[in-house]
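Enquirer: Structure provided below as structure tokens; questions to follow.
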Amino acid sequence: MVVPVLNIHLFIHPLRTAALLPSDHRQYQKTVVMSSAESPRQESSMPPPASKIVLYSFWQSSCSWRVRFALNLKGLPYEYKSVNLAKGEQFSPEFEKLNPLHLIPVLVDGDVVVSDSLAILMYLEEKYPQNALLPADQRLKALNIQAASVVNSSIQPLHMLSILKLIEEKIGPAERLSWAQYNIEKGFDALEKLLKDSAAKYATGEELYMADVFLAPQIAVATGRFDIDMSKFPTLSKIFESCKALPEFQASLPERQPDAINLLRSRFLEHIYE
Amino acid sequence: MASGGVEEATKLKLYSYWRSSCAHRVRIAMNLKGLHYEYKAVNLLKGEQFSTEFLKLNPIGYVPVLVDEDIVVSDSFAILMYLEEKYPQQPLLPRDLQRRAINYQAANIVSSSIQPLQNQNVLKYIAEKVNPDENLVWVRYHIGKGFEALEKLLKDYAGKYATGDEVYLADLFLAPQLCASIKSFSLDMTPYPLLSRLNEAYNEHPAFQAAMPEKQPDTPVEVRG
Chain A
0 MVVPVLNIHL FIHPLRTAAL LPSDHRQYQK TVVMSSAESP RQESSMPPPA SKIVLYSFWQ
60 SSCSWRVRFA LNLKGLPYEY KSVNLAKGEQ FSPEFEKLNP LHLIPVLVDG DVVVSDSLAI
120 LMYLEEKYPQ NALLPADQRL KALNIQAASV VNSSIQPLHM LSILKLIEEK IGPAERLSWA
180 QYNIEKGFDA LEKLLKDSAA KYATGEELYM ADVFLAPQIA VATGRFDIDM SKFPTLSKIF
240 ESCKALPEFQ ASLPERQPDA INLLRSRFLE HIYE
Chain B
0 MASGGVEEAT KLKLYSYWRS SCAHRVRIAM NLKGLHYEYK AVNLLKGEQF STEFLKLNPI
60 GYVPVLVDED IVVSDSFAIL MYLEEKYPQQ PLLPRDLQRR AINYQAANIV SSSIQPLQNQ
120 NVLKYIAEKV NPDENLVWVR YHIGKGFEAL EKLLKDYAGK YATGDEVYLA DLFLAPQLCA
180 SIKSFSLDMT PYPLLSRLNE AYNEHPAFQA AMPEKQPDTP VEVRG
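Structure, rendered in structure tokens:
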């Protein structure tokens, strides 16, 4: 997979430059995670896990994004290990041992290895119940899971790169975008209907839960990569604005990940030495 | 276990379509947990999911929907998690966190990597834009990829069932997918020995047998056999 040129504009915006070039990117990430001044949660954090959590991630992966967001929300520090999908690093023998399915994200927590963003989030929720991502109320819990499922099953899989490539092969390059947009808009229509009575600041009320963890990266990808017009989706737009205001979300942005920053650096240097 | 004659039979209602693999997952769970329920058929081919009455229950218009007195839950995964919490008998998840994770992962391979790529909307699209014969190629390709992944994922965990000797969440997702793949899409199961063996085990389990598409109240007469 070639990194699309389209995304370069995310790196050259002057206001972002300072945030993109700290000398120790992981330290920056941890610092943001620990600060809960604007956290949507009232509960205090529990002590961190005994051994460090490791997250195998790729900056552009929206599934990895969900997990980064959730780890930040739960105040869980972690080591970021990048797996460059563009270079096929998911097929390395080392990664194959972790996940023979060659998919990211993968979370390693001591002896436990969990793959798949939904499985990881359920694991985190059960092991680290602080800053709960599922509400106690049964109706709201079910609604959160349903909204997450719509994103996880009905939207994201249909615009994965591998599927878009297939569509391009079988139908044509022009079809890629219209296929992706059609499925995203269908899913967003469904989510608007599903959440219109429950949404307030976040998807299911005044507190952020699992639905938001799935929605925010999905909306970002929909607008950034597929030009979805969000004015048709006022409920989702409002949810997205609320999530964007959180330092936990900001720290999880693709362009703030170590592998994105390294890419920016190396392209900057290539440009200087051209 | 559907439409039992006892008082509590009407307490739980399941809106289902005989052929829906998502509804199939929930039917298995209800049977496993010994839960009587009223079967409410929603004919997807006739568009009954768009009736005013049904949209009030689930504004997205999908089955399955579970109604438990005043609680309404939609989406198979959400329903299964609800049932697991409210009716903890015959747990759908093991205690061990690693094994729980494998169950969630296997369930998700089915519900995100396979099933959405073979639903009616997608198949209609492919038939129109490419040609109708492409549907089978497309479906078999995606099921094949998913089954290959499941063979790898489960090989170190499977026992009598997908993740050990007890039935768990992964089995509830696998059985309907296997059923559809074999019966509707005539998938060649030779490359998938573990899944083939699991399919045999499901075919012998009463809770799975009673949940089969061909045994539901709304199964067409010609399919019932």
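As they're listed, the protein sequences go chains A and B. Per numbering that gives the first Met the number 0, residue 0 is the first one in the first sequence, and the count goes up by one each step. Per numbering that gives the first Met the number 0, residue 0 is the first one in the second sequence, and the count goes up by one each step. All C-beta atoms in this analysis are idealised placements derived from N, C-alpha and C, irrespective of residue type, glycine included. Since the model is a prediction, treat every value here as computed from it, not as a measurement.
Quick one, which of B:Glu213, B:Ile78, B:Lys32 and B:Gly33 has its alpha-carbon nearest Tyr14 (chain B)'s?
Expert: Among B:Glu213, B:Ile78, B:Lys32 and B:Gly33, the Cα nearest to that of Tyr14 (chain B) belongs to B:Ile78.
Enquirer: Would you mind sorting Val212 (chain A) into buried or exposed? The rule is 16 or more other CB atoms within 10 Å of its CB.
Expert: Under this definition Val212 (chain A) is a buried residue.
Enquirer: Would you say Leu268 (chain A) faces chain B, with C-beta separation under 7 Å as the test?
Expert: It does not: the Cβ of Leu268 (chain A) has no partner Cβ on chain B nearer than 7 Å.
Enquirer: What residues from chain B crowd round Ile170 (chain A), counting only those whose CB sits closer than 9 Å?
Expert: Here the neighbours are Ile125, Lys128 and Val129.
Enquirer: Cα-Cα, which of A:Met121, A:Leu163 and A:Lys126 is closest to Ser148 (chain A)?
Expert: Of the listed residues, the one whose Cα sits closest to Ser148 (chain A) is A:Met121.
Enquirer: For Lys182 (chain B), which three-state DSSP category applies?
Expert: Lys182 (chain B): helix per DSSP, three-state reduction.
Enquirer: Pull the bridge partners of Ile52 (chain A) from the DSSP assignment, please.
Expert: BP columns for Ile52 (chain A) point to A:Tyr77 and A:Asp108.
Enquirer: Would you call Glu247 (chain A) buried or exposed, if buried means 16 or more other Cβ atoms sit within 10 Å of its Cβ?
Expert: Buried, by the Cβ-count rule.
Enquirer: Less than 7 Å separating the beta-carbons of Pro104 (chain A) and Ser116 (chain A)?
Expert: Closer than 7 Å, so yes.
Enquirer: Name the DSSP beta bridge partners of Asp67 (chain B), please?
Expert: BP columns for Asp67 (chain B) point to B:Leu11 and B:Ile70.
Enquirer: Start and end of the alpha helix (DSSP H) containing Ala250 (chain A)?
Expert: Note, Ala250 (chain A): alpha helix (DSSP H), Pro246 to Ser251.
Enquirer: Does the structure place the region 94-108 of chain A close enough to the region 52-63 of chain A that three or more beta carbon pairs sit under 8 Å?
Expert: Segments in contact, yes.
Enquirer: Whole angstroms are fine: how far does the CA of Ala259 (chain A) sit from the CA of Glu37 (chain A)?
Expert: Note that Glu37 (chain A) has pLDDT 39, beneath the 50 cutoff, so the model's placement of it is unreliable and the number below is only indicative. Approximately 25 Å, taken between the alpha carbons.
Enquirer: Assuming Ala169 (chain B) and Ala106 (chain B) form a contact by the criterion Cβ under 8 Å, report the distance between their Cβ atoms to the nearest whole angstrom.
Expert: That belief holds up - the Cβ atoms of Ala169 (chain B) and Ala106 (chain B) are roughly 6 Å apart, short of 8 Å.
Enquirer: Taking 7 Å as the cut-off, decide whether the C-beta atoms of Leu56 (chain B) and Leu34 (chain B) are in contact.
Expert: Taking 7 Å as the Cβ cut-off, Leu56 (chain B) and Leu34 (chain B) do not qualify as a contacting pair.
Enquirer: For Pro216 (chain B), which three-state DSSP category applies?
Expert: Note: Pro216 (chain B) maps to coil in three-state DSSP.
Enquirer: Contact criterion: CB-CB distance below 7 Å. Does Pro156 (chain A) meet it with respect to chain B?
Expert: It does; some Cβ of chain B falls within 7 Å.
Enquirer: Whole angstroms are fine: how far does the CA of Leu142 (chain A) sit from the CA of Gly87 (chain A)?
Expert: Approximately 37 Å between the Cα atoms of the pair.
Enquirer: According to DSSP, is Tyr127 (chain A) part of a helix, a strand, or is it coil?
Expert: In the structure shown, Tyr127 (chain A) sits in coil (DSSP, three-state: anything other than H, G, I, E or B).
Enquirer: May I ask which residues mark the beginning and end of the alpha helix (DSSP H) holding Lys55 (chain B)?
Expert: It spans Thr51 to Leu56 - the alpha helix (DSSP H) in which Lys55 (chain B) sits, taken as one unbroken run.
Enquirer: Can you say whether Arg94 (chain B) is buried or exposed, counting buried as having 16 or more other CB atoms within 10 angstroms of its CB?
Expert: Answer is exposed; the Cβ neighbour count stays below 16.
Enquirer: Suppose contacts are defined by Cβ-Cβ distances below 7 Å. Is Asn202 (chain B) in contact with Leu177 (chain B) by that definition?
Expert: Going by C-beta atoms, Asn202 (chain B) is not nearer than 7 Å to Leu177 (chain B).
Enquirer: On the three-state DSSP scale, how would you describe Ser62 (chain B)?
Expert: The residue asked about is misnamed: residue 62 (chain B) is Val in this sequence, not Ser. Residue state, collapsed to three classes: coil.
Enquirer: Out of A:Cys62, A:Ser50 and A:Lys51, state which residue places its alpha-carbon closest to the alpha-carbon of Pro253 (chain A).
Expert: Nearest C-alpha to Pro253 (chain A): A:Cys62.
Enquirer: Beta-carbon of Ile27 (chain B) versus every beta-carbon of chain A: anything under 7 Å?
Expert: No, no contact with chain A.
Enquirer: Should Ala228 (chain B) and Ser73 (chain B) be called a contact, given that it needs their Cβ atoms to be closer than 7 Å?
Expert: Beyond the ends of chain B as shown, which are 0 and 224, falls residue 228 (chain B); an answer cannot be given.
Enquirer: Does chain A have any CB closer than 7 Å to the CB of Phe76 (chain B)?
Expert: Chain A, which has a Cβ nearer than 7 Å to the Cβ of Phe76 (chain B), makes this yes.
Enquirer: Identify whether Tyr272 (chain A) lies in helix, strand or coil by the three-state DSSP scheme.
Expert: Reduced to three states, the DSSP call for Tyr272 (chain A) is coil.
Enquirer: What residues of chain A sit near Asn247 (chain B), judged by a beta carbon separation below 9 Å?
Expert: Past the boundaries of the shown model lies residue 247 (chain B); chain B is included only from 0 to 224, so the question cannot be answered.
Enquirer: How is Ser34 (chain A) classed by DSSP in three states: helix, strand or coil?
Expert: Confidence at Ser34 (chain A) is low in this model, with a pLDDT of 35, below 50, so its placement is unreliable and no value can be given for it.
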